[in-house]
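Contents: one structure, followed by commentary.
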């Protein structure tokens, strides 16, 4: 059994990790930390876990995370880079669900996250945890940077096109819609029910933190400069991301076949039949990305629809998938939940 | 492996049965029938099941359900009573998720369901499938009448009080709130998104079909006449029932202890600590009933809060629980899903 | 034109007052104050008011509210009792939408609001602003205590019964469901979209602040001791309260006729035909209470359904109605909005 | 007072027309027809109208619509083209909220609407009722084709760019998100609450009826061929459209100033300050389009955000605006509702 710890388990990513790990056949939960909630039983905060998780939140100082084989960081940005060096020194491997290790270009990183990066060598060493791209590197990684939720849906949607060089990489458009849980469990006015319900809006159109992450990684796929217009929107649902992607075709191909080939062996990417429209609930609560490819009117613009559950394939599920890969387990272990519909 | 069939799998109860049974370690899905959708792949109608259920909907006439060990009816009322005799004759056991066998008093039944009952002997024989009351009878039943969703939440909430004779059984009040999936997947105006969203209303206040079912079964628990005012409401969420129950205390007791004792060994009833307020999402997508007991102001009225997921403990999950009992499996087999929160 | 000021306009009650007052034919908005937002244009915070409200939030100290004919307090509890004396001294009349003046029994008040009451004489003088009960006193009131939202829906539902002495006043049950805007625009975890959406729960079952307000005022209606069990619930919609009220009949009457007679001349209480089920959207964004009366199974328990928009008849609309009465205007002035459906 | 009739008032467009017209100072509602509901009081179907609309639905055959000055068609496609000739002959002017007269190219029309057009001369004569483009023609029109909801939001967003020739008209992208009321009040499975809630999806990506309408009218604005990729999405809210528009810049300009100039005198188009993100609730229940213009990263792609309430500026409100223009009334008469927020 893998000994697993979680740093910062009071947010949505944390409770989702707990849901998945508590059902994982090869995992023993050792500790979960929270500065603010130390001493509280996890199941008192999240009654959904009653009878399933008996841990209490532990003080980070006394949690002895160095007993673990792997530690997940489900913390705000900036925490993992502080604590990872000591864990690595103790032989613990790390999966960071925040953004500390997602970007190699630390100048860019510091611009978007408004922090000084304190572990540049680890940022360099860390492997970007998109298994569909980096599976082999993840196997041996000491530190895995779990991708952002938008970044996962957008990259999986664009990757086949960019790897094959069939579209103009300088004019990509990603129009993405996220459920509100993507904003986390912080008490803030814009994500109150009475603000976000029965309402729809774009945000961060001038610039969003996930953009450099996506551009840096897609650039590696295509080998050319990538420019993307990324417009995220808030949609009144709890879970789910729907990315609607637009790319200008520069070379003809059978795009449906391209996607089916590219993802044919991927357990967590499902290419739908031509003409399909995936809905977010078709992946609700499951580690899955479903993709459909359209070419409206036979024109020169390809439209790719890509859906995930932001908390699963966009966060906790992908993190567990990475853990499975890192420790040589069945990649699907603990990730066989069927989506909840309706 | 149990050979399992489903009659009528295109509604919400049907797709939920498929979600649970496809993950059940002891079940082999043999056939699922639908008159309207015969030939359609199940996963084409419900993409959440892609890669998990490879069956097509079969024509009821050619489905050979007599090969099954057990058949679930997820049909409108009136279908099971027609088809059950032949299945029983072929040695197949039946679990009806509709109302055909829920009430022994067929005069009452025919009044509420506006059908002539065609299998009165089976209505008499059938066991009411509330495991917390009838576990032993369910073991050997040929026909199990799976309780209604409201009926499950209300009965589990009132049972300890009535069995102990501590409240006035002639003046029970059940104020119940249901998510919209309780109304099924029929195309009807009142359950359109634009009608039911951002809206709240009571319905069927003059009388509701679940009332006689509840009264008949609660009467058996108390041995006295039971009278209940039952007011169902439609609340804008997909899944979940919240029953708020009121009873006049006639004899003092430690009510919290009473509930804890009554349900202490029940795997799917969770009595919360005193002072709790269960929310429906704490049981979302899981086979669980959570209950809290209050006595506001120390007065003579007890308030019991009881929540379930109407599609799981209120339908498909309880049906699987009954199947497990009928066939001597671990009662929890295939029912270990942790609730999805948020 | 009436000169009107608002203290504390950044919450939902404040913006709703602005929506109503900006359309009111006899009102000139003079000032709106906010400590935190002084200098911000109201329409920058609430874009719905662009082009309709040109005021900026003013610092309370410099707002010169003493120029007003009437000032509305849309503040947290405790503010109005501090500022009202000076306004009265300047000849300004006051309508408090918070709870400072709602209860005469200040021992009770201090228990629930955990503040020392600093203006007991005004609490005594203030008129409880339920026009259907106190219209004449409101006309000449210097200080009007605008009722709470739950309190409005529950009292309007019970009043005809209690005034006529037809039910047992010692065993009233009010099962009330509120949209999330009732919790205000404070940033708090439980009212985040991802917590409150697709979810339903009761809260404050042991005791709620609106209970003493309701009991005190209903006692005046019946002249006997009143005891009520009040269970509020949070339902996933923005606006609306649905109160489901239960009372034990002690004397026979034509209850439908009773309600129609009692409210026949009330412009903002609508008694529906027998057998109706009002939905909250039928009053959305309008100053209206709709009521239906049921007697399920002809039993001894009466069920009254009462719906309002918590921000209108439950707050800002009723406040404007009170203003109209206080200043001799047409009681319906500025309150003719037709509910928004769907 | 204008004498007004409505054909087909049982859908959402119909009840919204009633809400607006019942409050309109210059309108007398003469008749509203419905084949299925003849004899039913309008307020029995839509309780929001109790006390405000006393009409009953009339049989189309006996409704004497020829007594009206103007008749609105809130019907499925194909009805207006049948009935309009007789009304015109009787001197009645017509505003069609369906699509019968929106496209001049009837070959295209017949392809999308799968009907033979029976009034080609009227299709030719009809004026496309987008006041911001065709105000002068609308004044004297006998038949006004009220624009589609998507078409309104997309055209108002693109018009300034196309009229000025500053972007590539051959590569427009409109990524539009609609609330569910846009699908109407028909009982259909995909718009059930349990299907559309907590869910997000694109639809009709291969082609949508509003596309030719938009292209034909935008072509007139630019004088060049227009090609647009249009991807509509269903978002879980009742009202509102959010169009996110992408255009490749071909000529530099101060785009913010361009929009402010273009719409400076328009009463129902509001250009937000640079950097804004309009939300749909900022126009909820009001006849308003709010627009923001972005140029992310200073690149060559312009992003325009355009929001309307699909039932108001996208349907009934714009129809009333057209009526005001046709009859020389104040264009804003009856359209001064302030958006309902929250």
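Protein chains in written order, with our numbering: chain A, 1157 to 1498; chain B, 1157 to 1498; chain C, 1157 to 1498; chain D, 1157 to 1498. Glycine included, C-beta positions come from ideal geometry on N, C-alpha and C.
Does any C-beta atom of chain D lie closer than 8 Å to the C-beta of residue 1479 of chain A?
-> no
Would you say the beta carbon of residue 1237 of chain D comes nearer than 7 Å to a heavy atom of the ligand MN?
-> Questions concerning the ligand MN fall outside what the structure shown contains, since it holds no ligand whatsoever.
Flag residue 1393 of chain B as yes if its beta-carbon sits less than 8 Å from any beta-carbon of chain C, otherwise no.
-> yes
On the three-state DSSP scale, how would you describe residue 1360 of chain A?
-> coil
Rounded Cβ spacing between residue 1478 of chain D and residue 1395 of chain D (contact assumed at less than 8 Å) | No, residue 1478 of chain D and residue 1395 of chain D are not in contact; Cβ-Cβ is about 20 Å, not under 8 Å.
Do residue 1356 of chain A and residue 1398 of chain D have their CB atoms nearer than 8 Å?
-> yes
Which value, in whole angstroms, describes the spacing of the CA atoms of residue 1303 of chain A and residue 1284 of chain A?
-> 7 Å
Expressed to the nearest angstrom, what Euclidean distance is found between the alpha-carbon atoms of residue 1436 of chain A and residue 1463 of chain A?
-> 6 Å
Quick one: does residue 1351 of chain A have its CB under 8 Å from some CB of chain F?
-> As a matter of chain content, chain F is missing from the structure shown, whose protein chains are A, B, C and D.
When the Cα of residue 1408 of chain C is compared with those of C/1456, C/1342, C/1490 and C/1172, which residue comes out closest?
-> C/1456
Considering only residues of the same chain and omitting the five flanking positions on each side of residue 1194 of chain A, which have a CB-CB separation below 7 Å?
-> 1213, 1214 and 1215
Relative to chain D, which residues along the stretch 1440–1458 of chain A have a C-beta separation below 9 Å, given in chain order?
-> 1440, 1448, 1450, 1451, 1452, 1453, 1455, 1456 and 1457
At least three beta-carbon pairs within less than 8 Å, the stretch 1344–1360 of chain D to the stretch 1294–1311 of chain D = no
Verify the CB distance criterion: does residue 1437 of chain A have a CB-CB separation below 8 Å to chain D?
-> yes
Using a Cβ-Cβ cut-off of less than 8 Å, list which residues of the stretch 1236–1260 of chain C approach chain D; keep chain order.
-> none
Does residue 1385 of chain D come within less than 8 Å of chain A when only Cβ atoms are used?
-> yes
When DSSP labels each residue in this structure, what does residue 1333 of chain B get in the three-state scheme?
-> strand
Tell me, to the nearest whole angstrom, how far the beta carbon of residue 1473 of chain C is from that of residue 1176 of chain C; I am working on the premise that it is less than 8 Å.
-> 6 Å
Is the Cβ of residue 1461 of chain D closer than 8 Å to any Cβ of chain A?
-> yes
Element boundaries [beta strand (DSSP E), containing residue 1384 of chain D] = 1384–1390
Is there a Cβ from chain B that is less than 8 Å from the Cβ of residue 1188 of chain A?
-> no
Starting from residue 1337 of chain A, find everything on chain C with Cβ-Cβ shorter than 7 Å and list it in chain order.
-> 1350
Strand pairing of residue 1401 of chain A, partner residues [DSSP] = A/1330 and A/1460
Figure out for me which residue from C/1485, C/1312 and C/1404 has the closest Cα to the Cα of residue 1415 of chain C.
-> C/1312
Can you find a C-beta in chain A that's less than 8 Å from the C-beta of residue 1178 of chain B?
-> yes
In whole angstroms, what is the alpha-carbon distance linking residue 1391 of chain A and residue 1440 of chain A?
-> 15 Å
Residues of chain B with a CB under 7 Å from the CB of residue 1415 of chain C: which are they?
-> In chain order: nothing, as chain B lies at least about 15 Å away.
Taking C-beta to C-beta, are residue 1225 of chain D and residue 1278 of chain D nearer than 8 Å?
-> no
Compute the distance between the beta-carbons of residue 1325 of chain A and residue 1380 of chain A, then report whether it is under 8 Å.
-> yes
Using a Cβ-Cβ distance under 8 Å, would residue 1231 of chain C count as near chain A?
-> no
How would you call residue 1491 of chain D, buried or exposed, if buried means at least 16 neighbouring beta carbons within 10 angstroms?
-> buried
Can you give me the start and stop residues for the alpha helix (DSSP H) that residue 1229 of chain B sits inside?
-> Where residue 1229 of chain B is concerned, there is no enclosing alpha helix (DSSP H), although the beta strand (DSSP E) it sits in stretches over 1226–1229.
Is the beta carbon of residue 1248 of chain A sitting closer than 8 Å to the one on residue 1235 of chain A?
-> no
Rounded distance between the beta-carbons of residue 1426 of chain A and residue 1451 of chain A, thought under 8 Å = At roughly 20 Å, the Cβ-Cβ gap does not stay under 8 Å, so residue 1451 of chain A and residue 1426 of chain A are not in contact.
Residues of the stretch 1206–1220 of chain D with a CB closer than 8 Å to any CB of chain C: list them in chain order, please.
-> 1206, 1207 and 1208
Determine the contact status of residue 1400 of chain C and residue 1328 of chain C, defining contact as a CB-CB distance below 8 Å.
-> no
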